[in-house]
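See below for the structure under consideration.
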Amino acid sequence: MTTMPEEKNTLILNVTCRAGTGVVAAISGYLADNDCYICALEQFDDESTNKFFLRAVFRLQAGSPDIATLKSGFFGIAEKFSMQWNIFDPSVPAKVLIMVSKFDHCLDDLLYRRRNGELNMEITTVVSNHQDLRPMVEREGIRFIHLPITKDTKAQQEERLLEIIEETGTELVVLARYMQVLSNDLSMQLAGRCINIHHSFLPGFKGAKPYHQAYDRGVKVIGATAHYVTSDLDEGPIIEQILTRVDHNYKPENLVRVGRDNECMALAKAVKYHIERRVFLDGNKTVVFLGS
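Residue numbers for the sequence shown follow the working numbering, beginning at 34 and rising by one.
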């Protein structure tokens with residue numbers, strides 16, 4: 034994947050609609066008529082659903098209108114083709130809320146990638162059901178909120194979480210090894226804007242110590258899957274998967290170490306793809322454009 038242009042006058046147009054003749058021509062013609070230079074354009078027709086997906090990266094030039102005017106002028110085309118669409122400014126950091134429990138590796142990795150500029154995001158807050166990671170978060174100058182979860186307080190704390198999301202203008206929630214299952218209601222309210230990471234094996238090992246279970250079964254491949262959260266636990270639309278080949282020399286502690294690395298890489302890539310507007314929901318699967 035090549036690096037996305039970072040010029041301040043570069044914008045991204047995302048479109049989803051029914052597949053049909055004239056969609057690409059209408060979009061490219063509109064951009065050309067407004068003196069916008071198309072830097073990259075990717076498209077996909079899903080023949081199984083008859084849906085069309087497009088991501089265009091374009092640059093404003095001397096005669097181009099501003100983003101608000103471009104959006105206003107595009108409504109006619111969007112209405113004609115019944116589009117779901119938006120125009121994004123990639124120079125504006127995405128507002129992200131991270132949820133954690135006690136494991137720190139995914140959080141630490143995201144903080145590092147944000148710090149070095151790899152992830153253009155503003156972490157609005159870190160929410161946890163434990164206090165363990167508060168020092169790590171507050172060292173970064175990021176707000177930490179403790180929302181302990183019990184059977185009796187789960188619904189109340191999820192309502193508070195939604196309030197925090199609304200208050201902070203958060204557009205993406207990241208479960209960075211958050212060891213609580215979200216309720217069906219919360220999962221539906223966060224559909225398409227909540228990413229989870231979990232270990233994935235063949236066969237799938239659930240419950241305590243999955244890497245020890247994998248060792249006992251002599252697995253040859255271990256991995257991690259980053260996906261959007263749905264009410265079906267760990268079965269949401271997949272954004273990214275990482276696999277590592279292992280063999281009989283890997284003891285459980287070795288598998289745990291490799292698993293941590295896989296989880297960090299898969300989650301970071303999924304977050305990056307989302308905030309760079311590369312991911313499109315297509316039923317229970319995704320379309321992810323990686324070309325530019």
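Ideal Cβ placement from N, Cα and C applies to all residues, glycine included.
Classification of residue i by the beta-carbon crowding that lies within 10 angstroms, buried from 16 upward
i, result
"Thr263", "buried"
"Glu309", "buried"
"Asp142", "buried"
"Pro270", "buried"
"Ala65", "exposed"
"Leu266", "exposed"
"His232", "buried"
"Pro236", "With a pLDDT of only 49 at Pro236, under 50, the local geometry of the prediction cannot be trusted, and no value is derived from it."
"Met298", "buried"
"Ala127", "buried"
"Ser329", "The structure shown does not extend to residue 329, since the chain spans only 34 to 325, so no value can be given for it."
Nearest candidate by alpha-carbon position, reference residue i, set the options
i, options, result
"Glu296", "Asn317, Ile272, Tyr283", "Ile272"
"Val160", "Gln117, Leu152, Met169, Val133", "Val133"
"Ser124", "Val207, Glu173, Lys187, Ile100", "Ile100"
"Leu44", "Ala59, Cys72, Ser61", "Cys72"
"Met212", "Gly96, Asp137, Glu196", "Asp137"
"Tyr248", "Val279, Arg193, Leu74", "Val279"
"Ile156", "Pro285, Ile131, Val291, Ala259", "Ile131"
"Met154", "Val304, Asn229, Val320, Lys84", "Val304"
"Ala224", "Leu144, Ala95, Glu204", "Glu204"
Start and end residues, alpha helix (DSSP H) containing residue i
i, result
"Phe85", "From DSSP, Phe85 is part of no alpha helix (DSSP H) but of the beta strand (DSSP E) over 84-93."
"Leu194", "187-201"
"Asp99", "Element bounds for Asp99: n/a, residue is neither H nor E."
"Ala119", "Note on identity: in this sequence residue 119 is Asn, with Ala being the wrong assignment. It is not in any alpha helix (DSSP H) - Asn119 instead sits in the beta strand (DSSP E) that spans 117-121."
"Tyr47", "Residue 47 is actually Asn in this sequence, not Tyr. Premise fails: Asn47 lies in the beta strand (DSSP E), 43-51, not in any alpha helix (DSSP H)."
"Asp142", "138-148"
"Ile170", "Per the sequence shown, the amino acid found at residue 170 is Val instead of Ile. Run containing Val170: 167-172, per the alpha helix (DSSP H) assignment."
"Asn217", "217-222"
"Asp265", "Note, Asp265: premise wrong, no alpha helix (DSSP H); not H, not E."
"His245", "243-250"
Residue i - partner residues in DSSP beta bridges
i, result
"Glu155", "Lys128"
"Tyr70", "Arg92"
"Val207", "Ile131, Ile228"
"Val321", "Val312"
Start-to-end residues for the beta strand (DSSP E) that takes in residue i
i, result
"Val254", "254-261"
"Glu286", "Careful: Glu286 lies outside any beta strand (DSSP E), inside the alpha helix (DSSP H) at 285-308."
"Glu273", "271-278"
"Phe177", "177-179"
"Ile182", "No beta strand (DSSP E) contains Ile182, which DSSP labels as neither H nor E."
Below-8 Å beta-carbon distance, residue i vs any chain B residue
i, result
"Gly316", "Absent here is chain B; the protein component of the structure consists of one chain."
(message) Using 8 Å as the cut-off, can you tell me whether the segment 73-93 makes contact with the segment 43-59, which would need three or more C-beta pairs spanning the two stretches below that distance?
(response) yes
(message) Taking contact to mean 3 or more Cβ pairs, one atom from each stretch, closer than 8 Å, check whether the segment 310-322 and the segment 147-164 are in contact.
(response) no
(request) Spell out a yes or no on whether the segment 87-104 and the segment 166-175 are touching, meaning 3 or more CB-CB pairs, one atom from each, closer than 8 Å. (result) no
(request) Flag this pair as touching only if the segment 240-254 and the segment 188-200 have three or more C-beta atom pairs under 8 Å; answer yes or no. (result) no
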